[in-house]
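Beneath this line is the structure, given in structure tokens, with notes to follow.
2 protein chains.
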Amino acid sequence: MQTYQAPLRDMRFVMHELIGTESLVALPGCEEMTPDLTDPILEEAAKLAQEVLLPLNVVGDIEGCVYENGVVRTPTGFKEAYKAFCEGGWTSLAASAEWGGQGLPESLNKQVEEMLCAANISFSLYPGLTQGAYHALRHHASQELKEIYLPPMVEGRWSGTMNLTEPHCGTDLGLLRTKAVPQEDGSYLITGNKIFISAGEHDLAENIVHLVLARMPDAPAGIKGISLFLVPKFLVNPDGSLGPRNGAKATGIEHKLGIKASATCQMSFDEAKGWLIGEPNKGMRAMFTMMNTERLAVGVQGLGVGEAAYQSAVFYAKERLQGRSLSGAKHPDKAADPIIVHPDIRRSLMTMRAWNEGCRALAGWVAREIDISERSNDPERRQSAEDFTALMTPVVKALLTDLGFENASQAVQIYGGHGYIRDHGVEQYLRDARIAMIYEGTNGIQALDLVGRKMGAHMGRFLRPFFHPVSEFIEANKDDAQIGVLVGPFAKGFGALQLATGHIAQAGLKDPEEAGAAATEYLRLFGIVALGYLWLRAAKVANAALANGGASEAEFYKSKLATARFYIERILPQAAPLLAGIKAGKAAMMAMEEAAF
Amino acid sequence: MQTYQAPLRDMRFVMHELIGTESLVALPGCEEMTPDLTDPILEEAAKLAQEVLLPLNVVGDIEGCVYENGVVRTPTGFKEAYKAFCEGGWTSLAASAEWGGQGLPESLNKQVEEMLCAANISFSLYPGLTQGAYHALRHHASQELKEIYLPPMVEGRWSGTMNLTEPHCGTDLGLLRTKAVPQEDGSYLITGNKIFISAGEHDLAENIVHLVLARMPDAPAGIKGISLFLVPKFLVNPDGSLGPRNGAKATGIEHKLGIKASATCQMSFDEAKGWLIGEPNKGMRAMFTMMNTERLAVGVQGLGVGEAAYQSAVFYAKERLQGRSLSGAKHPDKAADPIIVHPDIRRSLMTMRAWNEGCRALAGWVAREIDISERSNDPERRQSAEDFTALMTPVVKALLTDLGFENASQAVQIYGGHGYIRDHGVEQYLRDARIAMIYEGTNGIQALDLVGRKMGAHMGRFLRPFFHPVSEFIEANKDDAQIGVLVGPFAKGFGALQLATGHIAQAGLKDPEEAGAAATEYLRLFGIVALGYLWLRAAKVANAALANGGASEAEFYKSKLATARFYIERILPQAAPLLAGIKAGKAAMMAMEEAAF
């Protein structure tokens, strides 16, 4: 059964105890972000997710979106839910007050996003894409365009999209063919075909603001000749009201493995009127502002669905009676024990739990650094926060989505045959989770981003805001009476990451294919170590809380300690073979001729 | 695109070079199983798979089976394909000549099965279940029942099923409730409900022979009170013609994640006439004969779909143009290089390839030992072959199906967004592959079987036919001029397996939960080491062939060497964290209270 209760206690733990309230309330504009203010917001978001969005998740999967003559109908209930969503102010949560937003920090926003994705990934994509488009416009559009487009987008009355992919190019956008011909009035006429456009057409918003990558007539070939354009579905009158339909329309939707309630559109632009965003031929830069927002959001999708899968698995593991505990019947009154008594089921559940809580901590850490990078008065601190975010964006995107899918698969396994049929809804998690490993740059591309652009940037500067605190933590805690026993194995894992970093830096300098050959394993190694660090910090916080007499919540903190230990014992050792693979290099991988495959 | 060419060269390699023709032709009844005889059979099977079954794979997925008023209609083309399948003699391939079969060895049969599963898992289930039922009846039914039922089953005119699962019990069959009331004529009246019955009802065969687990009125509680019954869909007249309909009918079919062309039925038995198979209350024993056959067959399903996924991924990786090689453009005449030039794509393809070929070798080894256990004149050799098969059955089932799913997921990833939509057919592999990890005993159950029943059986006797040849191989080859460099790392992996075995044997003796906590990791460790051993043997064969001037096939053998090296360098190191996890024991896993999940 699809069941979901937002993990509010753990979210509070991450925001206020693990990452800590202090660094949040120290930021200009965040002075009031104490639990008094943030907890009720999270509780409201939880209600929305659990009561409005979750019940629509299966409905959306079964009905899917329907395309007819250029119009896309979302599944039953989506319109009403979207209306409630906008009216509740959820579209404006993190947007700047300048454009009608509430200006709340990412530290809060990311947790709200997690709930939405856990309850209904398909639904979350509609406002999610708008958020990305909002960021791109806010940073790169002219004041005039911002004034026209941002307020209704923040209200949710208009939604956003990103139009990158074309049939022959996805990762390699340098190949794209969509044309933008300048007009005398300063606008452009956009012509071309795009595919895989999430929310490209739907019936939730009054207007759709497409951000479209296209090429001007005199643009240089390849990636350096791409510009970004704003192309609305309906042209906008000077008073902000909707004018005539623009030449942008959906020509079909995809039939997909999952996220069936999300309209994935084929788009046709036929001399559609558009406006340049940012500088000519610098479209990729503007698009990356959007893409980085989206990449973190997609990571959180993985976390959300991973949490929902975990909870649904726990529900079944407590309910399904099958076999007896190997240590003697636990429920002799029943025909059999619930399967949660079996170690192999525990192994699955603990694995999912350790991944999810670790990923939540990582997302919380990155969200806090985003807040710092955007708000801190200290330029040095802002810079290090920006470096950290740049470094961690591909890690969050790839790691959290890989694990979301793995968790969904574990949940299916716990349900056994009942997980493979539609009735319980867990196979939907598997199908929905799979896309997140692909879109906004496949996870392989994330890995290349990490080793190619982030690892070596500015002589390794991006690595420092991660490596330094981790080193210091190990030094400070290696003899800790309580967690010291876990710090030793962790230091080994961190050592593997340091060795891998040095190895790739050297080998990749001589031969970039060596970096490419190591990329995926390096990203996973990075992620595993980052989560290990956060688990140790969580254990430290838990020990302190228990020592300070947190008796009323002793169970919560003890679970943290058990899960931290599980992570260090059972998951962190995976660091070793990743280093071994990296050190093996590209030779065996590249030895075979193409034709021999 | 779903594309599949049966890997005939690799199948020949496994059968004749790696496992070797000698041990096959030495068996009574197999004297003629030289390549002259086996190659044409494999070629015919390949044609059937590629030309008849593969084109129906997508059709079956889209149409699915349709249930109406107790009748199940298979998708378009399945009836014709099944007819061709029977007429081609494929249902009788491995059946004994005594019952109209061709008596061909498992060494050949398993390779044919792989092709069928690669082309169309759903289709393969119909004859596959019949094979399992054939084995159970052949070993446990009375001569009279065998004479009535086996010949038409071998012909494929009648098909078979296994009816185990009930709504409230799958793994824990001790809970089952279906009743069998003895009648004066020696038959029984069977009443109860079963679910998840593959091929429980369909339109391919004239009659369906259900093997049904049920409980007699005076039977002991639990697993020791279960008997096996033969319950035909149509009663059979003394002359073998079909009589009236029996009280066994399908009441519905499941809507599933995948294998949609396989009818997964809910069955109702309402005083259906049945006959006891084997002894009263010993139904599990008889069922296990069937189940072991099926478990190996399910493993081969994983391999088949993994191979099809690999080939479909290779097809796309050679065709999709995106980006340039990091070592300089490989196809400067094209707009971009095919993605197979990128190391990260290579990593995926090599991983899939190393798994598939390793798994094919393992399946080939086990198949050969089955042949030996059934045919050898040497009782000691027969015993060791039987021990080996018992040991390896859970490994083959769980490892090959886990990897089949992983490979399907890798294939989706290589296709990117194009893998997530239906058009290319690779997402079907993901959906189809997922069931194999579940049915015939979930992979967690396989792991418990390995550590609980197989590892310690007869003081570790089952382990010997694996551990002894591996130890000898290491000793004999550690200084080999060519493969010696790979033997060192392999010996480390094997050492991890030995340590893990000793650890579990000791810890599990004191506390069976410790064995349960280690089971899944132990099975994977076992599988990884077994494949490593086979990869080293393959490398040895390849080196010898190259030295003997196998110039015309140099590419084939060189690819073996490259893939062997890739396996040892990139995959085998995964042994280390598995041992670490096993040694960590159950403590962290079992620490939390049920309520804390």
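Here the protein sequences line up with chains A and B, keeping their order.
Per our numbering, the first sequence starts with residue 647, numbered consecutively.
Per our numbering, the second sequence starts with residue 647, numbered consecutively.
For glycine and all other residues, C-beta sits at the position ideal for the given N, C-alpha and C.
None of the values given here were measured: they were computed from a predicted structure.
Residue environment, B:H1104, which counts as buried when at least 16 other CB atoms sit within 10 Å: The residue in question, B:H1104, is exposed, as its Cβ has fewer than 16 Cβ neighbours within 10 Å.
Proximity of A:L670 and A:M679 at Cβ, strictly below 9 Å: yes
Run of the alpha helix (DSSP H) containing B:E898, from where it starts to where it stops: The sequence shown places Gly at residue 898 of chain B, not Glu. First-last for B:G898: 894-899, but that is the beta strand (DSSP E), not the alpha helix (DSSP H).
Segment contact, 8 Å Cβ cut-off, at least three pairs: the segment 861-878 of chain B with the segment 912-931 of chain B: yes
Rounded separation between B:S1117 and B:D1033 - CA only: 18 Å
Inter-stretch contact (C-beta, 8 Å, three-pair minimum) for the segment 822-836 of chain A and the segment 863-873 of chain A: yes
Burial state of A:G832, where buried means 16 or more other Cβ atoms lie within 10 Å: exposed
Selected residue, minimal CA-CA separation from B:P984, among A:A1153, A:E1240, A:L1076: A:E1240
Neighbouring residues, chain B, relative to A:D818 (Cβ below 7 Å): Q968, G969, A982, listed in chain order.
Residue-chain proximity (B:S768, chain A), Cβ-Cβ < 9 Å: no
Integer Cβ distance of A:L739 from A:V758, believed to fall under 8 Å: 6 Å
Contact residues within the segment 984-1005 of chain A, judged by C-beta distance below 7 Å to chain B: Only I986, H988, P989, D990, R992, R993, L995, M996 from the segment 984-1005 of chain A bring a Cβ to less than 7 Å from some Cβ of chain B.
Identity of the residues DSSP links to A:Q912 by a beta bridge: A:G898
For B:A918, the three-state DSSP class (helix, strand or coil): strand
Span separating the alpha-carbon of B:G924 from that of B:Q1056: 45 Å
C-alpha distance - B:R1107 paired with B:S1019, whole-angstrom precision: 16 Å
Interface flag, B:V960 vs chain A, CB-CB below 9 Å: yes
A:G1063: contacting residues in chain B (beta-carbon distance under 7 Å): Within chain B, the residues near A:G1063 are T811, G816, F842, I1084, Y1085.
Endpoints, the alpha helix (DSSP H) within which B:E940 is located: Start and end: 929-965.
Short-range partners of chain B found in the segment 1228-1239 of chain A, where Cβ spacing is below 8 Å: Correct list: A1230, K1232, A1233, A1234, M1235, M1236, A1237, M1238, E1239.
Sheet register partners of A:T807 (DSSP bridge): A:H856
Nearest-angstrom beta carbon gap, A:V1042 and A:F1172 [assumed within contact, 8 Å]: The Cβ separation is near 11 Å, so there is no contact.
Interface partners of B:K825 on chain A, CB under 8 Å: Going along chain A, no residue has its Cβ under 8 Å from B:K825, so there is no contact; the nearest lies around 17 Å.
Option in B:P751, B:N715, B:E752, B:V882 with minimal Cα separation from B:C911: B:N715
Three-way DSSP call (helix, strand, coil) for A:P686 in this model: DSSP places A:P686 in helix when its eight states are reduced to three.
Where the segment 1155-1180 of chain B meets chain A: residues whose CB sits under 9 Å from a CB there: Along the segment 1155-1180 of chain B, the positions whose C-beta sits under 9 Å from a C-beta of chain A are D1157, P1158, E1159, E1160, A1161, G1162, A1163, A1164, A1165, T1166, E1167, read in chain order.
Residue(s) in a DSSP beta bridge with B:A826: B:I836
Cβ-heavy atom distance, B:R970 to the ligand NAP, below 8 Å: This structure lacks the ligand NAP; in fact it carries no ligand of any kind.
Where the beta strand (DSSP E) containing A:R719 begins and where it ends: 717-719
Backbone secondary structure at A:G889 - three-state DSSP: Strand at A:G889.
Whole-angstrom C-beta distance between B:A851 and B:A802, which should lie under 8 Å: In the sequence under discussion, the amino acid at residue 802 of chain B is Gly, which differs from the Ala named in the question. Indeed, because the Cβ distance is near 7 Å, the residues count as touching under 8 Å.
Own chain, CB closer than 7 Å to A:W1181, minus 5 neighbours either side, in chain order: G1004, A1210, Y1213, I1214
Chain A residues whose Cβ lies nearer than 7 Å to that of B:I1081: Y1066
Beta-carbon neighbours of A:V1097, restricted to chain B and to distances below 7 Å: Those within 7 Å of A:V1097 in chain B number zero; the least Cβ separation is about 10 Å.
B:D1048 to B:Q1092 span [Cα, whole Å]: 12 Å
is_contact[B:A1242, chain A] using C-beta, thresh 9 Å: yes
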